[in-house]
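**Student:** Below is the structure I would like to discuss, written out as structure tokens.
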Amino acid sequence: MILNIRVDHKTADISKMERSSQKLESVFNNIYEKYPVQEYLKINTCNRAEIYLVLGECSIENLQCDDFVVETEDNAMEHLLRLSSGLESMILGEDQILGQIKDAQKRSVKEGCCGEVLNTIFIKAIHVGQVVRKKTKINEGSLSIGSAAVELAESVHGDLKCKKVLVIGAGKMGTLVAKALVEKNLKAIVVANRTHDRAVELARELGGSAIHFDKLDEAMRDADVVISATGAPHPILTYQKVKEVVPSHIISKMVMVDIANPRDIEEDVSKLGVKLFNIDDLRDIAKRSREMRETEASDAEDIVKNEMKLLKRSLKHLEVEPIISNIRITAENIRLNETQKAFKMLGDMNGNEKIVDDLTKVVVERIFYDVIKNLKEAAENDEKNVIEAAETIFSRKSWL
0 MILNIRVDHK
10 TADISKMERS
20 SQKLESVFNN
30 IYEKYPVQEY
40 LKINTCNRAE
50 IYLVLGECSI
60 ENLQCDDFVV
70 ETEDNAMEHL
80 LRLSSGLESM
90 ILGEDQILGQ
100 IKDAQKRSVK
110 EGCCGEVLNT
120 IFIKAIHVGQ
130 VVRKKTKINE
140 GSLSIGSAAV
150 ELAESVHGDL
160 KCKKVLVIGA
170 GKMGTLVAKA
180 LVEKNLKAIV
190 VANRTHDRAV
200 ELARELGGSA
210 IHFDKLDEAM
220 RDADVVISAT
230 GAPHPILTYQ
240 KVKEVVPSHI
250 ISKMVMVDIA
260 NPRDIEEDVS
270 KLGVKLFNID
280 DLRDIAKRSR
290 EMRETEASDA
300 EDIVKNEMKL
310 LKRSLKHLEV
320 EPIISNIRIT
330 AENIRLNETQ
340 KAFKMLGDMN
350 GNEKIVDDLT
360 KVVVERIFYD
370 VIKNLKEAAE
380 NDEKNVIEAA
390 ETIFSRKSWL
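Read in order, the letters of the sequence shown are residues 0 to 399 in numbering that gives the first Met the number 0.
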């Protein structure tokens, strides 16, 4: 059974998402203890937390997942294909999710928890995401979360030209923000990151400056806009800290945009007079972006539906892959043994061994071509009796 459990921007605001993201790990641990988990893969971004699992034969009727969307089999797989295509993103068609899916798949493979089934599904999802972006214009001129954050700041200040902006966090999301800011002809961009070398690297790319995290207070006093996108597990800008650091005559003119999950900036900071935005405030921008790309989204939907059929066929083929592999391995062993015997009997072949070797390969491939093709079709049509018969006929002991 293929199982997807998730919480995202469609079903939760940022507060609920923070709580549910933490709870999801407990749900996963409970499933891992009680159910036959064969494979699993986790995806975490600023506006979603998801787990994909492959379970052995079992019933999940009593699965406790009240705060989450739970989907199985085709629905779970189709969601992933839509996700990789940008159809499930807050900013329709954004490209970052495809990279995040690739990273999650690589990490899961490295950790040894992504097996044959999930690997097949995720490779297909990555392929679909690439095809959608190649064959449609769903991502043409699209916003990223980073550029949407900049747009929020502009909604208050208007043109950001000659403004000083502090970017906290030099990871992928902070990088998106910074790159979106470069086009605004700012007076200054300052990058703060716990790993100072990364802040220096990003600042160099952008023509800005980098600071150590212990200089954050000083940088905040001088900033018109603060955009925070770290991976910290708790707020780094609290009500008390901001109150102590930023003078009252400056704070009323300051804009803060928090695109982290969990949040970097305490909600109460807004009580100080700061114009504070978070992921929830991106929804209006996302709506406008979506309306502009409805036609492209429809084309992407068609691609997903067609690729979904191919994915289901591939997964069916996995059921008979052990039989097919056995046929190929055994047939190849027989071919090699018999070819070597023939070489000895024929004696000197004047360098024509390759011709004979290639001939035997073609003969074996032709003999088993229809057998393998029929086995795959039997899997696609759920013809269990045919598969069971093939398992018996092509067991190694019976035809060696």
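Ideal Cβ placement from N, Cα and C applies to all residues, glycine included. Just so you know, these numbers come straight off a predicted model, no measurement behind them.
Where does residue 292 sit, in a helix, a strand or coil, going by DSSP?
**Tutor:** Residue 292: coil per DSSP, three-state reduction.
**Student:** Roughly how many whole angstroms lie between the Cα atoms of residue 252 and residue 224?
**Tutor:** 9 Å
**Student:** So what does residue 164 bridge to, in DSSP terms?
**Tutor:** Note: residue 164 sits in a beta bridge opposite 188 and 224.
**Student:** Between which two residues does the alpha helix (DSSP H) holding residue 380 run?
**Tutor:** First-last for residue 380: undefined, no H or E at that position.
**Student:** Nearest-angstrom Cα distance between residue 149 and residue 280?
**Tutor:** 12 Å
**Student:** Take the Cβ of residue 91 as the centre, count every other Cβ of all protein chains shown within 10 Å, and call the residue buried at 16 or more, exposed below.
**Tutor:** Residue 91 is buried by the Cβ-count criterion.
**Student:** Is DSSP giving residue 209 helix, strand or coil here?
**Tutor:** The answer is strand: DSSP assigns residue 209 an E or B state.
**Student:** Of all the options 327, 277 and 110, which has the alpha carbon lying nearest to the alpha carbon of residue 365?
**Tutor:** Looking at the Cα atoms, 327 is the closest of the given residues.
**Student:** Where are the alpha helix (DSSP H) runs, 4 residues long or more, that stay fully inside the stretch 107 to 183, in chain order?
**Tutor:** 115 to 134, 144 to 156 and 171 to 181
**Student:** Using a Cβ-Cβ distance cut-off of 8 Å, determine whether residue 195 contacts chain D.
**Tutor:** This model lacks chain D altogether; it includes just one protein chain.
**Student:** Between which two residues does the beta strand (DSSP E) holding residue 39 run?
**Tutor:** Looking at the DSSP string, the run of the beta strand (DSSP E) that includes residue 39 is 36 to 44.
**Student:** Taking the beta carbon of residue 388 as the centre, do at least 16 other beta carbons fall within 10 Å, making it buried, or is it exposed?
**Tutor:** exposed
**Student:** Which residues in the same chain have their Cβ closer than 7 Å to the Cβ of residue 262, if we skip the five residues on either side of it in sequence?
**Tutor:** Excluding sequence neighbours, residue 262 sits near 13, 17, 234 and 277.
**Student:** Since I believe residue 86 is in contact with residue 124 (beta carbons under 8 Å), could you give me their beta-carbon distance rounded to a whole number of angstroms?
**Tutor:** A Cβ-Cβ separation of about 12 Å leaves residue 124 out of contact with residue 86 under the 8 Å criterion.
**Student:** When the Cα atoms are used, what is the spatial distance from residue 206 to residue 284?
**Tutor:** 28 Å
**Student:** May I ask you to list the residues that DSSP assigns as paired with residue 51?
**Tutor:** 3 and 40
**Student:** Could you work out which residue in 325, 344 and 319 is closest to residue 377 when comparing CA atoms only?
**Tutor:** 319
**Student:** Rounded C-beta distance between residue 23 and residue 112? I'm assuming under 8 Å.
**Tutor:** That belief does not hold up - the Cβ atoms of residue 23 and residue 112 are roughly 16 Å apart, past 8 Å.
**Student:** Which of helix, strand or coil does DSSP assign to residue 258?
**Tutor:** coil
**Student:** Which term fits residue 392, buried or exposed, when burial requires 16 or more other beta carbons within 10 angstroms of its beta carbon?
**Tutor:** exposed
**Student:** Taking 8 Å as the limit between beta carbons, can you name the residues of its chain near residue 307, skipping five residues before and five after?
**Tutor:** 73, 76, 77 and 80
**Student:** At the level of alpha carbons, what is the spacing between residue 329 and residue 303?
**Tutor:** 38 Å
**Student:** Grab the span of the beta strand (DSSP E) containing residue 70 for me, first residue to last.
**Tutor:** 68 to 71
**Student:** Taking buried to mean at least 16 other C-beta atoms within 10 Å of its own C-beta, is residue 294 buried or exposed?
**Tutor:** exposed
**Student:** Which value, in whole angstroms, describes the spacing of the CA atoms of residue 444 and residue 31?
**Tutor:** In the structure as shown, the chain starts at 0 and stops at 399, and residue 444 therefore has no counterpart that could be examined.
**Student:** Decide if residue 418 is buried, meaning its Cβ has at least 16 other Cβ atoms within 10 Å, or exposed.
**Tutor:** Because the chain spans 0 through 399 in this model, residue 418 falls outside it and cannot be assessed.
**Student:** Looking at C-alpha atoms only, which residue of 355, 83 and 352 is the closest neighbour of residue 131?
**Tutor:** Restricting attention to 355, 83 and 352, the CA atom closest to the CA of residue 131 is found in 83.
**Student:** Of all the options 374, 47, 272 and 196, which has the alpha carbon lying nearest to the alpha carbon of residue 10?
**Tutor:** 47
**Student:** List the endpoints of the continuous alpha helix (DSSP H) containing residue 27.
**Tutor:** For residue 27, the enclosing alpha helix (DSSP H) has its first and last residue at 13 to 33.
**Student:** Residue 137 and residue 296 look like a contact to me (Cβ under 8 Å); what is the Cβ gap, rounded to whole Å?
**Tutor:** So it is a contact: roughly 6 Å between Cβ atoms.
**Student:** Around the C-beta of residue 250, are 16 or more other C-beta atoms found within 10 angstroms, so that it is buried, or is it exposed?
**Tutor:** Result: buried.
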